[in-house]
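*Asks:* Structure incoming, see below.
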Amino acid sequence: MYILGNADCLAGCQEHQLWRRLIQSMTEVGCLGPRLALVCPRHRDATPAPRREVTDANEGFPTSLDFCDRLCDAFMDCGQHKCQKLCRSPRHSHKNCEVMVDFLYNGCSHPGQRKCNEDPADLLCQARVSVSCPKCQQSDTKPCHQPMSDYSCPQPCPKRLSCGHACPEKCGDPCPANPAKDCRTCLEAERLRKEALKRQDEEMQNLARREAKDEYERIKPDKEEEMSLIKLDPGSSEFFDIQDRVTKYVQMTHGWFPKVRSVERLRNVKLRMRFLSYRQNTAKDATRVELKFHGTSADGVKGITKEGFHLPQNPGMFGAGIYFASDASKSAQELYTKGSRTLLLCEVLLGRSLRVTEATNSKYNWKSLRQENYDSIFAPRDTKNSGGVLFDEFVVFNPDQAYPKYIIKYESVSGEAALNEISKLSMGQTQPKTGNTVVKIPASVVATKPETSPE
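Dropping the structure here:
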């Protein structure tokens, strides 16, 4: 027991003589003084005992044992381990013992370690145990606590995709839903194929442009040379090639049966240089140059072979461009030739063609077509029902994309004689079909006869 107060005041109290006798007794045994000695109640028996003396009432009475620097050493709630914190540590609790102890996991009895305060039932055994994958039968290990239903085999999947390549996923993962898009081997092969095609295309483009440049430089010294026409020998292979192209590219529905009378090859250095310059410097695709027919009047033949093509003032079905055809019979229609009985077989730089199946009218011109990365328009055959054409047509919008290489003079063959000859030739053979049929008419059935206007 501690009594706090003023000893002189209490000893002089006349009403209570007991204070005088008590103070005298305390003085005799040394229990009276100006200091208050505080001892840690947990370590009062320690030598020396942690203590603190209070001499000034203004210091206040201590509310904690912050002066005790000994280990707590009290038993934790587990009753097995002593507290290893300092006695003066704040928020001192003995509930959570964190001493590591050995134990056996529930269910598997694998040995392990846990904190003393942890419940063994809440802990998962991480020991690796051997398993055999039910899918691929390969051996593996997994954590002891993991059920087989949650096990995912990390080995390569043993299955084959529809493309024949091994599945790229792990055995425990789902196979690709779309093998054509997800097969890494196929994707890599496709990437390499595209790269090879790209390199090949670049090489072909460079080759075509070099060829155009070489020819341009070769004929450049002759640029002031006058235009000339070289008549082909009717017995030459070049003549036969042109004749075959005319007579084999005939559609029965046009009712036109020709005989080639003469073929002239144009030499116009200025026009040729313009064509080669365009191919070398401007074309999106410099590799695709094809021979196509163009039908025009006698005045048109003279103007085109001398000055080159000109864009029309009025747009056609696919715009204000220059129109070409694969079929001689299409270009030879009276609508185009106006009685000239002449066809131009032209080198046309078609390049990259935009395929259209209906009339585009004035939608496209040279600039708008190039903005879409195309050189020409292609209207394929048998699209008339959708607003297109019955037979192929090609359209370019720059006069320098075409060079009139050959001037072909022809005469018409009697339709009756032609059909009779066709019947004779087809005896014992499959009768030729009408419509999109290509027929070559032999010279034996030729008869000079005025042309009739096509339907």
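Per our numbering, the very first residue in the sequence shown carries number 180; after that it's consecutive.
Where a beta carbon is used, it is the ideal one built from N, C-alpha and C, also for glycine.
Using 8 Å as the limit for Cβ to Cβ distance, is T536 near chain C?
*Replies:* Of the protein chains in the structure, only one exists, and it is not chain C.
*Asks:* Tell me the DSSP secondary structure of R221 in three-state form.
*Replies:* Stepping through the sequence shown from its first residue, residue 221 is reached at position 42. Helix, per DSSP.
*Asks:* According to DSSP, is G530 part of a helix, a strand, or is it coil?
*Replies:* Counting from 1 along the sequence shown, the entry for residue 530 is found at position 351. Reduced to three states, the DSSP call for G530 is coil.
*Asks:* If you reduce the DSSP assignment to three classes, tell me which class D393 lands in.
*Replies:* Walking along the sequence shown from the start, residue 393 turns up at place 214. Residue state, collapsed to three classes: helix.
*Asks:* Can you look up F419 in the DSSP assignment and give me helix, strand or coil?
*Replies:* Your numbering for residue 419 matches position 240 in the sequence shown. Helix.
*Asks:* Provide the residue span of the alpha helix (DSSP H) that contains G482, from first to last.
*Replies:* Counting from one through the sequence shown, the residue named residue 482 turns up at place 303. Taken as a continuous stretch (DSSP letters only), the alpha helix (DSSP H) holding G482 covers 477-486.
*Asks:* On a Cα-Cα basis, can you pick out the residue from S456, R214, T536 that is closest to E396?
*Replies:* As a working mapping, residue 396 is identified with position 217 in the sequence shown. Nearest option by C-alpha distance: S456.
*Asks:* Whose C-beta lies closer than 8 Å to the C-beta of Q459 among residues of the same chain, with five residues either side of it excluded?
*Replies:* The residue labelled residue 459 in the question sits at position 280 within the sequence shown. Cβ within range, chain order: R388, A391, K392, Y395, A465.
*Asks:* Since Y515 is in the alpha helix (DSSP H), which residue starts that stretch and which ends it?
*Replies:* Taking the first residue of the sequence shown as 1, we reach residue 515 at position 336. Run containing Y515: 513-516, per the alpha helix (DSSP H) assignment.
*Asks:* Can you find the residues in the same chain that come closer than 8 Å, C-beta to C-beta, to V535, ignoring five residues on each side of it along the sequence?
*Replies:* Start at 1 with the first residue of the sequence shown, and residue 535 comes out as number 356. So the qualifying residues of the chain are F497, I556, F557, A558, G567.
*Asks:* Work out the CA separation of P299 and G184 for me, nearest whole Å.
*Replies:* To locate residue 184, count along the sequence shown from 1; it is residue 5. To locate residue 299, count along the sequence shown from 1; it is residue 120. When rounded, the separation of the alpha-carbon atoms in G184 and P299 is 57 Å.
*Asks:* What first and last residue would you give for the beta strand (DSSP E) that runs through E404?
*Replies:* Mapped onto the sequence shown, residue 404 falls at position 225. It is not in any beta strand (DSSP E) - E404 carries neither H nor E in the DSSP assignment.
*Asks:* Do the stretch 327-340 and the stretch 350-369 touch if we need at least three Cβ pairs shorter than 8 Å?
*Replies:* Result yes; three or more Cβ-Cβ pairs closer than 8 Å.
*Asks:* What residue ranges within the stretch 420-459 form continuous beta strand (DSSP E) runs of no fewer than 3 residues, ordered along the chain?
*Replies:* 437-446
*Asks:* Going straight from the alpha carbon of C210 to that of L197, what length do you get?
*Replies:* Your numbering for residue 210 matches position 31 in the sequence shown. Your numbering for residue 197 matches position 18 in the sequence shown. Cα to Cα, the separation comes out at about 17 Å.
*Asks:* State the DSSP-derived secondary structure class of I202, mapped to helix, strand or coil.
*Replies:* Indexing the sequence shown from 1 puts residue 202 at position 23. Note: I202 maps to helix in three-state DSSP.
*Asks:* Where do the N-terminal and C-terminal ends of the alpha helix (DSSP H) with I470 fall, by residue?
*Replies:* Here residue 470 refers to the residue found at position 291 of the sequence shown. A quick correction: the sequence has Leu, not Ile, at residue 470. From DSSP, L470 is part of no alpha helix (DSSP H) but of the beta strand (DSSP E) over 468-474.
*Asks:* Going by the beta-carbon positions, is the gap between K463 and Y553 smaller than 8 Å?
*Replies:* As a first step, residue 463 must be located in the sequence shown, where it is residue number 284. As a first step, residue 553 must be located in the sequence shown, where it is residue number 374. Yes, they are a contact pair.
*Asks:* Closer than 6 Å by C-beta to G479: which residues in its own chain qualify, once you throw out the five before and the five after it? Chain order, please.
*Replies:* Residue mapping note: residue 479 aligns to position 300 of the sequence shown, counting from 1. Contacts found: none.
*Asks:* Grouping DSSP H, G and I as helix and E and B as strand, with all else coil, what is Q610?
*Replies:* Indexing the sequence shown from 1 puts residue 610 at position 431. Note that Q610 scores 39 on pLDDT, short of 50, meaning its location in the model is unreliable; the coordinates nonetheless yield the value given after this. Coil at Q610, not helix or strand.
*Asks:* How big is the Cα-Cα spacing for C192 and R200?
*Replies:* Numbered from its first residue, the sequence shown carries residue 192 at position 13. Numbered from its first residue, the sequence shown carries residue 200 at position 21. The alpha-carbon atoms of C192 and R200 are separated by roughly 11 Å.
*Asks:* Does the stretch 486-503 come close enough to the stretch 538-550 to have 3 or more Cβ pairs within less than 8 Å?
*Replies:* yes
*Asks:* DSSP state of S591, grouped into three classes?
*Replies:* To locate residue 591, count along the sequence shown from 1; it is residue 412. Correct three-state label for S591: strand.
*Asks:* Contact check, V425 vs Y589 under 8 Å by CB: the rounded distance?
*Replies:* Here residue 425 refers to the residue found at position 246 of the sequence shown. Here residue 589 refers to the residue found at position 410 of the sequence shown. Contact flag correct, Cβ pair sits at about 7 Å.
*Asks:* Give me the Cα-Cα distance between F246 and P322, rounded to the nearest whole angstrom.
*Replies:* Within the sequence shown, residue 246 is the residue found at index 67, counting from 1. Within the sequence shown, residue 322 is the residue found at index 143, counting from 1. Using only the alpha carbons, I get a separation of about 50 Å.
*Asks:* Does the count of Cβ pairs from the stretch 310-319 and the stretch 287-296 closer than 8 Å reach three?
*Replies:* no
*Asks:* Buried or exposed for K542, please, with buried defined as at least 16 other CB atoms from any protein chain shown within 10 angstroms of its CB.
*Replies:* Within the sequence shown, residue 542 is the residue found at index 363, counting from 1. Exposed: under 16 other Cβ atoms inside 10 Å.
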